[in-house]
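Going by this note's numbering, the letters in the sequence shown line up with residues -6 to 318, in that order. Glycine residues also receive a C-beta, built at the ideal position from the N, C-alpha and C atoms.
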Amino acid sequence: MGGLSAIKPLVRRHTEIGIFLIAVALVFLFSATSDGKWANVYNIGTILQVTATLGLMTLGVALVIGTGEIDISVGSTFGMGALVYLWLATRIDPAFAVMAATATGCAIGFFNGFLVTRTGTPSLIITLGSLMIFRGIAIALTEGFSFSIPYAARNGWSFSILGGGDFLGFNTAIYWLILLAVVLTVVLKATPFGNRLLAVGGSAESAHSRGVRVDRIKLSAFVICGMLAAFAGSLEAGKLGFADGSMGRLMELQAIASCVLGGCLLAGGRISLAGALAGAFVLSSIQSYLVVMSVRPQWFMLLLGIIVVLAAYGDRSLRQWALKR
């Protein structure tokens, strides 16, 4: 009992502890029940690669959630970033194509943030509309087909470093995730912007009374979110070499679920980037496990949803236990 009592303060201070414990438990469970199909170097590399692109999107969503808002348009922003990248990558240098894709995400994020802050309309409604608008644009642009880059043209350092290659056995998208996660963590923990962002989420009225420009902070969060989603889409397109109008579909729900599992408070004011990334890893691991166990596609979303609900319940139960005196 003494040992468990010592753990309680740690869980209370760090809301992401629950998802880390769940991640460790799932790794052992999946390793023990998959007969080597899940726990091998190739599959772990694939899981980390999926986590990288989902994680980049999750980081942006976490920032928006931190302000007390929500962005459910990131899936379509992801898809738009992929299409812009693929359309330009064979016409100009891939590095500039990624910049253009990221700029597209910036514009979408600005569109969302501007409407939310200027009209006062709930962000759920605004970004739901954006989700449909930009998904419709993506489908119209592709006309039922896909944009692609011939495999023979996917060479050179630019393609390799921007999601199309590996370094030390891992896709380069993983390193981009690590870099940007570190940068954003420093921004949140050690800069006035990070303090103001969480203050806005805690109480926008109180933050405003202290001189914080609430609308500017929220707008900035939406812009960063859009940029990260589009950048993730361009990295995914660089890896696959193709994308269609449906790319990124339902990823917005996975990103939000990752944030919630990772200890981000949907009401705002409290987020954990490390926890959100752990949530993304858990979802990617579950998805991979169901694939290697040959679960029929029509059951995939059902089982994934059930497991996510159970994981969220377990995490919530752990926090409630920690809060008991």
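Asked, Found
"In angstroms with no decimal places, state the Cα-to-Cα distance between Leu22 and Leu172.", "30 Å"
"Between the beta-carbon of Thr95 and the beta-carbon of Asn105, is there less than 9 Å?", "no"
"Given a cut-off of 9 Å, decide if Gly268 and Glu9 are closer than it, judged by their beta-carbon atoms.", "yes"
"When the Cα atoms are used, what is the spatial distance from Ser153 to Leu228?", "10 Å"
"Quick one: what does DSSP say Ala248 is sitting in, helix, strand or coil?", "helix"
"Can you pull the DSSP bridge partners for Asn164?", "Asp159"
"Counting Cβ pairs, one atom from each stretch, are 3 or more of them under 8 Å apart for the region 263 to 282 and the region 78 to 89?", "no"
"Excluding the five sequence neighbours on either side, which residues of its own chain have a C-beta within less than 6 Å of the C-beta of Ser116, listed in chain order?", "Glu62, Ile63, Val109"
"Does DSSP classify Phe13 as helix, strand or coil?", "helix"
"Return the CA-CA distance between Val253 and Val67, expressed in angstroms with no decimal places.", "16 Å"
"Measure the C-alpha to C-alpha separation of His201 and Val193 and round it to an integer number of angstroms.", "8 Å"
"By alpha-carbon positions, which one of Ala90, Cys99, Val288 ends up nearest to Thr70?", "Cys99"
"For the region 74 to 116, which segments carrying the beta strand (DSSP E) assignment without a break, of at least 3 residues, lie completely within its bounds, in sequence order?", "none"
"Start and end of the alpha helix (DSSP H) containing Ala192?", "185 to 195"
"Figure out for me which residue from Thr26, Leu52, Gly38, Phe13 has the closest Cα to the Cα of Val180.", "Leu52"
"So, do the region 135 to 145 and the region 230 to 239 have three or more beta carbon pairs nearer to each other than 8 Å?", "yes"
"Start and end of the beta strand (DSSP E) containing Asp237?", "235 to 237"
"Give the C-beta separation of Ile12 and Ala271 to the nearest angstrom, bearing in mind that I take them to be a contact with Cβ-Cβ under 8 Å.", "5 Å"
"Give every residue of the same chain whose Cβ lies closer than 6 Å to the Cβ of Ser310, excluding the five residues on either side of it in the sequence, and list them in chain order.", "none"
"Please confirm whether Ala45 and Leu233 have their CB atoms less than 9 Å apart.", "no"
"Thinking C-alpha only, which one of Ala230, Gly226, Arg263, Phe103 is nearest Arg209?", "Phe103"
"Give the C-beta separation of Met50 and Ala225 to the nearest angstrom, bearing in mind that I take them to be a contact with Cβ-Cβ under 8 Å.", "5 Å"
"I'd like to check one pair, Ala223 with Ile299: are the Cβ atoms closer than 9 Å?", "no"
"Output needed for Met220: all residues of its chain with C-beta closer than 7 Å, excluding positions within five of it in sequence on either side, in chain order.", "Thr95, Gly98, Cys99, Gly102"
"Hey, Val216 and Ser27: beta-carbon distance below 9 Å or not?", "no"
"Identify the residues that DSSP records as bridge partners of Phe140: which are they?", "Ala236"
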